[in-house]
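Residue numbers (the working numbering): 31 to 499.
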Ligand SMILES: Cc1ncc(COP(=O)(O)O)c(C=O)c1O
């Protein structure tokens, strides 16, 4: 007797109404007030992707200007990634990674440690622990740092330092070290209590202050915090160069260098969260390179598989690894996820690195970034744009009510952001504002035709944001 498995019929081509009715009856979408999908924020069913374009069930094309939550590097449905994924799926789709090993995982680890940021002064990143998504990588780094100190007998290091306006994910540990009130506030009673240090965000520079001076000012505050609390701190966690979810706020690399120096001074680990900024986003393969910094933990995800499959990796050094090396099992890092080191995801990551190996992606991105800057130039003097900032393939616009004082709109911020989002879509581009910040973070294959669409959509989005009442 077979079980009565429902068929859930395929949809008729183009029947958006039927799709939406069925989807909204069963699916709970992420990071969403679901009620909005019944009104001002219609769900958009996508049937395929090609390059920078997403194609809706209704046949409309949308430029993926946000790389599908900052994951996509080489375009949607990339044939090279698809082939690598298919080939690996036909060979070995998955195997428990505790007690077993496989070639895609091994090759990827060897390649990542070879590519990781290096400096003369610090132990290289030589060990790789896999996770399944960015938040998992953060949990791993936090636990590993704490546990390494514990194993060394430094039991009082029970705190973490995080930066104001930082973001590291949504699981409870990752959320605890994040500072986005919208996501954090309601869960606050459940969270670890980190110490927050001021953000080095250059947008907060005082009049006449350079980005570097602003970064050094924030580093002085960090120094004072470490002076007070350093002996209780396991690790400092930061997003080097760009606080992405915090509104694409950018800082001078000097901060990362200073953070490294201060962490060393106080025996504190440095966790670099390059989940969003890694793999060429900010002009170098890893953002830490811009400060010549080797962190103690490097968290990677998103671009690791060029946006094709969920995978993350935490790189650390031999000193941390050795803290767990023991005849005592409980001193080991007894952390796992069922899909740790999934071979298909590792094969996708290896194919991603092959794409990096075949051409000088970083140099090509420099040219692309210049073309993006050119497309953004017309907004620089816009009366409601207080700041146009860029770090490589990330470009952001700070929308304000008053450009002179940089005063943000106080009234109905959500409605304004929604209006901008909808206007962008109407003009053919997915622009998903972070509050009052519009940004471009496209796949690395965006061409001039798509950039023209983006420029036009951006103008429409700003207009809608400003006019919204
Ligand atoms: C800097 C940073 N860290 C961590 C995360 C969490 O990654 P995930 O969404 O895969 O859990 C994100 C996600 O946007 C991120 O931007």
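Using N, Cα and C, we set each Cβ at its ideal position, and we do this for glycine too.
- In the same chain as residue 307, and ignoring 5 residues on each side of it, the C-beta atoms closer than 6 Å to its own belong to 271, 272, 317, in chain order.
- Within 7 Å of the C-beta of residue 331 there is at least one heavy atom belonging to ligand 1.
- Taking the Cβ of residue 198 as the reference point, at least one heavy atom of ligand 1 falls within a distance shorter than 7 Å.
- Counting other Cβ atoms within 10 Å of its Cβ, residue 373 reaches 16 or more and is therefore classed as buried.
- For residue 58, no beta strand (DSSP E) encloses it, and the DSSP letter there is neither H nor E.
- According to the DSSP assignment, residue 299 belongs to no alpha helix (DSSP H) but to the beta strand (DSSP E) extending over 299–303.
- Taking C-alpha positions only, residue 302 is separated from residue 64 by approximately 33 Å.
- Less than 8 Å separates the beta-carbon of residue 429 from that of residue 466.
- DSSP lists 279 as the beta-bridge partner residues of residue 273.
- Taking the C-beta atoms as reference points, residue 175 is found nearer than 8 Å to residue 264.
- CA-to-CA, the gap between residue 312 and residue 204 works out to about 23 Å.
- Counting along the chain, residue 386 sits inside the alpha helix (DSSP H) bounded by residues 373–388.
- The three-state reading of DSSP puts residue 342 in strand, counting E and B together.
- Under the three-state reduction of DSSP output, residue 394 falls in the helix class.
- Within a 10 Å sphere around the beta-carbon of residue 358 sit fewer than 16 other beta-carbons, which makes this residue exposed.
- Residue 159: member of the beta strand (DSSP E) spanning 155–161, first to last residue.
- In terms of side-chain proximity, the C-beta atom of residue 395 is found no nearer than 7 Å to any non-hydrogen atom of ligand 1.
- Per DSSP, residue 126 has no beta bridge partner at all.
- Taking C-beta atoms under 8 Å as the contact rule, residue 199 and residue 164 qualify, at a distance of about 5 Å.
- Each residue's CA atom was taken as its position, placing residue 488 and residue 172 some 38 Å apart.
- Looking at the DSSP output, residue 99 bridges to nothing.
- Residue 289 has its Cβ no nearer than 7 Å to any heavy atom of ligand 1.
- Taking C-beta separations shorter than 7 Å and ignoring five residues to either side along the sequence, the partners of residue 314 in its chain run 320, 392, following chain order.
- Judged by DSSP in its simplified three-state form, residue 118 adopts helix.
- Secondary structure of residue 247 (DSSP, three-state): helix.
- 158 is the residue among 323, 348, 158, 87 whose C-alpha sits nearest the C-alpha of residue 370.
- If you check the CB distance, residue 167 and residue 329 come in under 8 Å.
- The beta carbon of residue 453 lies closer than 6 Å to those of 490, 491, 494 in the same chain, with the five residues before and after it left out.
- Closest in alpha carbon position to residue 355, among 141, 91, 46, 178, is 178.
- Comparing alpha-carbon positions, the option among 241, 192, 344 lying closest to residue 267 turns out to be 192.
- Looking from the CA of residue 62, the closest CA among 444, 480, 202 belongs to 444.
- In this structure, residue 76 places its C-beta atom within 8 Å of the C-beta atom of residue 85.
- The continuous stretches of beta strand (DSSP E) do not include residue 183, and DSSP gives it neither H nor E.
- DSSP places residue 487 in the helix class (H, G or I) of the three-state scheme.
- Counting the other CB atoms within 10 Å of its CB gives residue 183 a total below 16, which places it among the exposed residues.
- Non-local beta-carbon contacts of residue 194 in its own chain, meaning distances under 8 Å to residues more than five positions away in sequence, involve 209, 226, 227, 228, 229 in chain order.
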